[in-house]
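Encoded as structure tokens, the structure appears first; notes follow it.
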Amino acid sequence: MVEDDRFLSELITQKVGAEGYEVNLAMDGEKAVEMAKADQPNLILLDLILPTIDGFEVLKRLKEAPETKNIPVIILSNLGQKEDVDKGMQMGAVDFMIKANFTPGEIINKIKTVVQ
Amino acid sequence: MATTKGEKRNPVSPSGPEEDLELLEAYVQDFWRFLPLAACYVNPVHHILDANAAFLALTGHPTENVVGESMERFFADRPKARVFLKQVLEAEKAEKELQIATKERKAVPVRVFSRRREDEAGEAMGYFLALVDITQEKEFRAELEDTVRARTKELEDTRAALLNMLEDTEEARRTAEDDRQRTDLIIKNLSDGLLVFDSSLALELINPHAERIFRAKQADLLLKSMEELSALPNFAEFIALLQKEKDQVFRKELTIGGQSVIEVTTSPFRQRKENPGLMVMLHDITREREMEHTKTEFVSLAAHQLRTPLAAIKWSTQMLLGGDAGEMSQEQKTFLDKTYQSTERMINLINDLLNITRIEEGRYLYQPTFQQLSTVVKTMVESYQDLAHQKNIKLEVKIRSREIPRVLVDEEKIRLAVQNLIENAIHYTPQGGRVTASVSHDTKEVMFEVKDTGMGIPENQKARVFEKFFRASNAKTVDTEGSGLGLYLVNNIIQAHGGKAWFTSEEGKGSTFAFTLPVREEITEFLKKF
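If you're matching them up, the sequences are chains A and B in order.
Position 99, counted from 1, in the first sequence is what the numbering used here calls 99; the numbers after and before it change by one each time, with no gaps.
Take any residue in the second sequence, note its place counting from 1, add 1000, and you have its number in the numbering used here.
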């Protein structure tokens, strides 16, 4: 999970952890790319507004690198205008979720569908 | 000396010295009496010794009042007469215009001639005065002078009048010139751009501000036709706008030269009875647009920033309610449920705000594409069936005509408009009601309509329905959550598409909200891209 807000990441970690998933947290963009390459996760939850490099740049690098390009990415962000959504989807995200518009339960459901 | 009786007396050939003298005297006397010229003889001390009949007639005095009298007394202008009479004795002859005083105390103008008489020693022994009445001559001269004076005056008047006219003309010319210069100055210093096309629609005037907007020089533009101008850089779109909107352009926005946003307003410009020319005002609103953009960006940024803490509240309350942190009492759950709903409301409000800023900014649509409105409506109705079912409301779609033309729209925004109207209809219709969405068209436009059997809008609030943050008083009591932004959004979106939104409503019976979208030739729009 790539998220710079500690409280939000804790909530999701708890919820996702309760479902039996292991969550590794990256709090900035550079770190996210690095960890994705090292940890090879089944799924990446990606925020867009991040320290160092932003989420779009992270997505770009993930999709460029052969070792990470097949890892599914769900964008979970505060942004959500049509341009952002279109951009994210075109760059290879599997879904685009606006944080405030979904409950943790709904997010888990989405994760489950993607991982399966 | 004796004369022979019976002899004829001949003054010319006197027969003897005495007789001759008598004859001569008689002759002189006759002559003196006959002479029509007033004359008198005066001694050296200016007493009249003799005066002829004409003199008596002129002065009106009898002989006895004349002979022996001082000559001076007979003049009306005595001081002058005195001077003259002195001269008379000194010179052999003299002449002067004086005035005779008659017995009736009238002053008669006369020309006076004098002739001195001398004795053998050359001493003055008196003088003759002859007086010519020049009354008539004077009158004639006066008359002549009057005529001349009158004529001169007339001429002078004419001259003065001519000069006045000249001056007036000059004044008028100067005023006209001043006016022209004033107008020129006003046009030059106008902070808006101004162009004037003459009756043949050639460019007649362009002020410096307009030159700056087009980044072109007046000299290269004047007298050019619209077609010629159209070929110049920065002019094509502008001329196209003028030619498209033949009659009048009012506050149309145009980007000229890639960066200036210009509001174009035109009005026909008619002088006398010619074909109307065209006056074009260009108002630069680049700064306003920039500020609007900054404002929008700020609101957008603030709204996005608000989403993070709201998501945190939403997620944590949701997890608490779901028992992720242990079981809660019913009372705790009730409180938390209210908290959750409030958060949801806040999130919706922020979503609306974001949409608004986008719509406000987005009077420019985002990549419009051709869409089938009936499809959009069907999809939207489908997604609201659950909610309608929950409220026991019958929600249906009626596509009223076949082969509805596709409309050029920003899909996301049109969807938002349709969604808002359907959502409102369901929201404000009580249990057991009916909501009908329909699509129809004619040659010019496609119409969407949603009719409900809801609470309606109070008559006195109808005018404000499309205003930002407006909520009808009856709506507020039923539903405290609405943001008052939905219909404002709808109206803005539809206007941005060149369409029209309106409604009819009767309080307690229901409302019908509708909008139209203009039908455009797909081929034309397609070709425009190239």
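The beta carbon of each residue, even a glycine, is placed where N, CA and C say it ideally should be.
Among the residues of chain A, those whose CB is under 7 Å from the CB of residue 1304 of chain B are 78, 79, following chain order. In this structure, residue 1411 of chain B and residue 1458 of chain B do not form a Cβ contact; the two beta carbons are roughly 34 Å apart against a cut-off of 8 Å.
In the DSSP assignment, residue 1133 of chain B falls within the unbroken beta strand (DSSP E) covering 1124-1133. Taking 9 Å as the threshold, the shortest C-beta distance from residue 75 of chain A to chain B does not fall below it. Taking C-beta separations shorter than 7 Å and ignoring five residues to either side along the sequence, the partners of residue 1518 of chain B in its chain run 1444, 1445, 1498, 1499, following chain order.
Only buried fits residue 1127 of chain B, as 16 or more other CB atoms lie within 10 angstroms of its CB.
Residues of chain B whose Cβ lies closer than 7 Å to the Cβ of residue 96 of chain A do not exist; the shortest such Cβ separation is about 13 Å.
Residue contact with chain A for residue 1496 of chain B: absent (no Cβ-Cβ distance below 9 Å to any residue of chain A). Neighbourhood of residue 1347 of chain B in chain A, by CB distance below 8 Å: 100, 101, in chain order. Of all residues in the region 6-20 of chain A, only 7, 8, 11, 12, 14, 15, 18 place a beta-carbon less than 9 Å from a beta-carbon of chain B.
Taking a Cβ-Cβ threshold of 7 Å, the residues of chain B close to residue 104 of chain A are 1315, 1318, 1319, in chain order. With distances taken between CA atoms, residue 1112 of chain B lies nearest to B:1135 out of B:1463, B:1103, B:1135. By a beta-carbon distance limit of 8 Å, residue 37 of chain A contacts residue 67 of chain A. Their separation comes to about 6 Å. No Cβ-Cβ contact shorter than 9 Å links residue 1466 of chain B with residue 1435 of chain B.
When CB distances to chain A are screened at a threshold of 7 Å, the residues of the region 1404-1429 of chain B falling below it are 1412, in chain order. The three-state secondary structure of residue 1497 of chain B, taken from DSSP, is coil. For residue 56 of chain A, the enclosing alpha helix (DSSP H) begins and ends at 55-64. DSSP places residue 1092 of chain B outside both helix and strand once states are collapsed to three, so it counts as coil. Under the 8 Å Cβ criterion, the region 1337-1354 of chain B does not count as touching the region 1389-1405 of chain B, having fewer than three qualifying pairs. Looking from the CA of residue 1132 of chain B, the closest CA among B:1238, B:1038, B:1332, B:1331 belongs to B:1038. The C-beta separation of residue 1509 of chain B from residue 1488 of chain B comes to about 24 Å, leaving the pair out of contact by the 8 Å criterion.
When the beta-carbon positions are compared, residue 1439 of chain B and residue 1409 of chain B stay at least 9 Å from each other. Under the DSSP assignment, residue 1193 of chain B falls outside any alpha helix (DSSP H), being part of the beta strand (DSSP E) whose first and last residues are 1193-1197. Beta-bridge partners of residue 1445 of chain B (DSSP): B:1518. With a cutoff of 9 Å on beta-carbon distance, residue 1206 of chain B and residue 1253 of chain B are scored as not near each other. Contact between residue 1100 of chain B and residue 1075 of chain B holds: CB atoms are separated by about 6 Å, below the 8 Å threshold. Classified as exposed, residue 1161 of chain B has fewer than 16 neighbouring CB atoms from the shown chains inside 10 Å of its CB. When DSSP assignments are scanned along the region 1154-1209 of chain B, the uninterrupted stretches of beta strand (DSSP E) that are 3 or more residues long and fall wholly within it turn out to be 1193-1197, 1203-1206.
Checking the DSSP bridge columns, you'll see residue 1452 of chain B partnered with B:1435.
If you look at residue 1477 of chain B, you'll find it in the alpha helix (DSSP H) that goes 1473-1478.
The Cβ atoms of residue 57 of chain A and residue 29 of chain A sit closer than 9 Å to each other. Cβ proximity to chain A below 9 Å picks out nothing from the region 1464-1489 of chain B. Look at residue 103 of chain A here: in three-state DSSP terms it is coil, with no helix or strand label. The beta-carbon of residue 1351 of chain B is placed less than 9 Å from the nearest beta-carbon of chain A.
Its Cα nearest to that of residue 1298 of chain B, the residue B:1354 stands out among B:1255, B:1419, B:1354. DSSP places residue 1269 of chain B inside the beta strand (DSSP E), whose first and last residues are 1260-1269.
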